[in-house]
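Asks:
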Amino acid sequence: AQSVTQPDIHITVSEGASLELRCNYSYGATPYLFWYVQSPGQGLQLLLKYFSGDTLVQGIKGFEAEFKRSQSSFNLRKPSVHWSDAAEYFCAALYNFNKFYFGSGTKLNVKP
Amino acid sequence: NAGVTQTPKFRVLKTGQSMTLLCAQDMNHEYMYWYRQDPGMGLRLIHYSVGEGTTAKGEVPDGYNVSRLKKQNFLLGLESAAPSQTSVYFCASSRGRDTGELFFGEGSRLTVL
Numbered sequence: 005a006q007s008v009t010q011p012d013i014h015i016t017v018s019e020g021a022s023l024e025l026r027c028n029y030s031y032g033a034t035p036y037l038f039w040y041v042q043s044p045g046q047g048l049q050l051l052l053k054y055f056s057g058d059t060l061v062q063g064i065k066g067f068e069a070e071f072k073r074s075q076s077s078f079n080l081r082k083p084s085v086h087w088s089d090a091a092e093y094f095c096a097a098l099y100n101f102n103k104f105y106f107g108s109g110t111k112l113n114v115k116p
Numbered sequence: 041n042a043g044v045t046q047t048p049k050f051r052v053l054k055t056g057q058s059m060t061l062l063c064a065q066d067m068n069h070e071y072m073y074w075y076r077q078d079p080g081m082g083l084r085l086i087h088y089s090v091g092e093g094t095t096a097k098g099e100v101p102d103g104y105n106v107s108r109l110k111k112q113n114f115l116l117g118l119e120s121a122a123p124s125q126t127s128v129y130f131c132a133s134s135r136g137r138d139t140g141e142l143f144f145g146e147g148s149r150l151t152v153l
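Chains as they are written, first to last, in the numbering used here: chain A, 5 to 116; chain Y, 41 to 153.
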């Protein structure tokens with residue numbers, strides 16, 4: 005069955021430090037891939053998406069993600085984290101154009 | 041532009057009661073989804089619809105029913121609520137096959153006592 009794995013439940017980084025959140029997907033065919041962010045009490049907001057082409061995609065708020073087919077990964081990165089980036093981040097995969105599968109999420113804490 | 045609107049935002053039910061969550065989108069999207077979010081489990085798909093008059097089961101459909109009588113609305117029903125259905129429910133929509141991006145509502149927090 006298709007699945008999305010986010011191995012890190014919680015991550016804490018210092019403000020100004022770099023960030024990488026991991027995401028792996030299963031299944032043979034490459035799905036469309038997404039990263040969403042959820043602030044407390046809010047819905048999910050799209051950060052970036054990968055459909056095809058350039059494997060390094062840029063998103064909003066200074067985030068980027070790199071698709072690596074050989075590793076079935078789509079890791080999210082940011083060079084310098086801001087306190088306002090504290091939130092929960094979800095990786096998602098779209099299969100067959102109509103079924104989204106979400107990872108279990110990674111909660112990011114930012115230390116001053 | 042309202043986007044995706046869910047009502048109600050909060051509800052407390054007793055075991056065995058019924059209720060309906062309403063999702064409305066004003067973006068003329070073809071696809072609509074209902075998810076539930078539970079701590080440590082991410083979002084799990086309950087039911088989805090790829091067009092007016094169509095519905096399909098997702099990962100966790102048991103205990104829920106849905107209807108999509110109008111393109112802009114997607115209703116989620118609980119006929120006999122159980123404590124295990126205490127959760128935050130999110131509705132989402134997308135334009136369809138070629139874009140994929142989901143647009144989310146702000147969520148509906150349901151507590152079943």
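We put the CB at the ideal spot given by N, CA and C, even for glycine. Model, not experiment: these values are computed from the prediction.
What separation, rounded to the nearest whole angstrom, lies between the Cα atoms of Y:T126 and Y:L118?
Replies: To locate residue 126 of chain Y, count along the second sequence from 1; it is residue 86. To locate residue 118 of chain Y, count along the second sequence from 1; it is residue 78. The alpha-carbon atoms of Y:T126 and Y:L118 are separated by roughly 11 Å.
Asks: Would you mind listing the beta strand (DSSP E) stretches within the region 55 to 95 of chain Y that are 3+ residues and don't spill past its ends, in chain order?
Replies: Correct list: 59 to 65, 71 to 77 and 83 to 89.
Asks: Below 7 Å CB to CB, which residues in the same chain sit around Y:R84 once its five sequence neighbours on both sides are set aside?
Replies: In the second sequence, the residue the question calls residue 84 of chain Y occupies position 44. These residues qualify, in order along the chain: Y75, R76, E99 and V100.
Asks: By the 9 Å beta-carbon criterion, what residues does the region 84 to 115 of chain Y contribute toward chain A?
Replies: R84, L85, Y88, V90, A96, G98 and E99
Asks: In angstroms, rounded to a whole number, what distance separates the CA positions of A:V41 and Y:T55?
Replies: What you label residue 41 of chain A is simply residue 37 of the first sequence in a count that begins at 1. What you label residue 55 of chain Y is simply residue 15 of the second sequence in a count that begins at 1. The alpha-carbon atoms of A:V41 and Y:T55 are separated by roughly 33 Å.
Asks: Chain A partners of Y:M81, CB-CB under 7 Å?
Replies: Taking the first residue of the second sequence as position 1, residue 81 of chain Y is located at position 41. Neighbours of Y:M81 on chain A, chain order: S108.
Asks: Determine the burial state of A:Q75: buried for a count of at least 16 other Cβ atoms within 10 Å of its Cβ, exposed for fewer.
Replies: Stepping through the first sequence from its first residue, residue 75 of chain A is reached at position 71. Exposed, by the Cβ-count rule.
Asks: Under a CB-based cut-off of 9 Å, is A:K103 close to chain Y?
Replies: Residue 103 of chain A sits at position 99 when you count from the first residue of the first sequence. Using a Cβ-Cβ cut-off of 9 Å, A:K103 counts as an interface residue toward chain Y, since at least one Cβ of chain Y sits closer than that to its own.
Asks: In chain order, which beta strand (DSSP E) runs of at least 3 residues are fully inside the region 38 to 90 of chain A?
Replies: 48 to 54, 60 to 62, 68 to 72 and 77 to 82
Asks: For Y:V152 and chain A, any beta-carbon pair shorter than 9 Å?
Replies: Here residue 152 of chain Y corresponds to residue number 112 of the second sequence, with the count starting at 1. With 9 Å as the cut-off, Y:V152 does not count as an interface residue toward chain A.
Asks: Can you name the start and end residues of the beta strand (DSSP E) that Y:S22 belongs to?
Replies: Any answer about residue 22 of chain Y is impossible in this case: the structure gives chain Y only from 41 up to 153.
Asks: Please say whether Y:G93 and Y:D66 have beta carbons closer to each other than 9 Å?
Replies: Locating residue 66 of chain Y in the second sequence gives position 26, counting from the first residue. Locating residue 93 of chain Y in the second sequence gives position 53, counting from the first residue. Taking 9 Å as the Cβ cut-off, Y:D66 and Y:G93 do not qualify as a contacting pair.
Asks: Quick one: what's got a C-beta closer than 6 Å to Y:S107's C-beta in the same chain, skipping five residues either side?
Replies: On the second sequence, residue 107 of chain Y is found 67 positions in, with the first residue counted as 1. Closer than 6 Å at the Cβ level, and outside the excluded window around Y:S107, lie L115.
Asks: Does A:H14 pass the burial test, meaning 16 or more other C-beta atoms within 10 Å, or should it be called exposed?
Replies: As a position in the first sequence, residue 14 of chain A is number 10, starting the count at 1. It counts as exposed.
Asks: Does any CB atom of chain Y fall closer than 9 Å to the CB of A:I13?
Replies: Taking the first sequence and counting its residues from 1, one reaches residue 13 of chain A at position 9. For A:I13, the nearest beta carbon of chain Y is closer than 9 Å to its own beta carbon.
Asks: For the beta strand (DSSP E) containing Y:K49, name the first residue and the last one.
Replies: On the second sequence, position 9 is the one that residue 49 of chain Y refers to. Neither: Y:K49 is in no beta strand (DSSP E) and is coded neither H nor E.
Asks: Taking Y:M59 and Y:A122 to be in contact with their CB atoms under 8 Å, please state how far apart those CB atoms are, rounded to whole angstroms.
Replies: In the second sequence, the residue the question calls residue 59 of chain Y occupies position 19. In the second sequence, the residue the question calls residue 122 of chain Y occupies position 82. Contact doesn't hold; Cβ gap of about 12 Å is too wide.
Asks: Below 7 Å on C-beta distance, what does A:G47 contact in chain Y?
Replies: Within the first sequence, numbered from 1, the residue matching residue 47 of chain A stands at position 43. Against chain Y, a Cβ distance below 7 Å from A:G47 picks out F130, F144, G145, E146 and G147.
Asks: Can you find a C-beta in chain A that's less than 9 Å from the C-beta of Y:G52?
Replies: Counted from its first residue, the second sequence places residue 52 of chain Y at position 12. Looking at the sequence itself, residue 52 of chain Y is Val, so the reference to Gly does not match. Not closer than 9 Å to any Cβ of chain A, the Cβ of Y:V52 fails to qualify, so no.
Asks: Using the Cα positions of A:V61 and A:S88, report the straight-line distance between them to the nearest angstrom.
Replies: Walking along the first sequence from the start, residue 61 of chain A turns up at place 57. Walking along the first sequence from the start, residue 88 of chain A turns up at place 84. Their backbone Cα atoms lie some 21 Å apart in a straight line.
Asks: Please decide whether A:Q10 counts as near chain Y, where near means a Cβ-Cβ distance under 9 Å.
Replies: As a first step, residue 10 of chain A is located in the first sequence; it is residue number 6 there, counting from the start. So yes, A:Q10 belongs to the interface.
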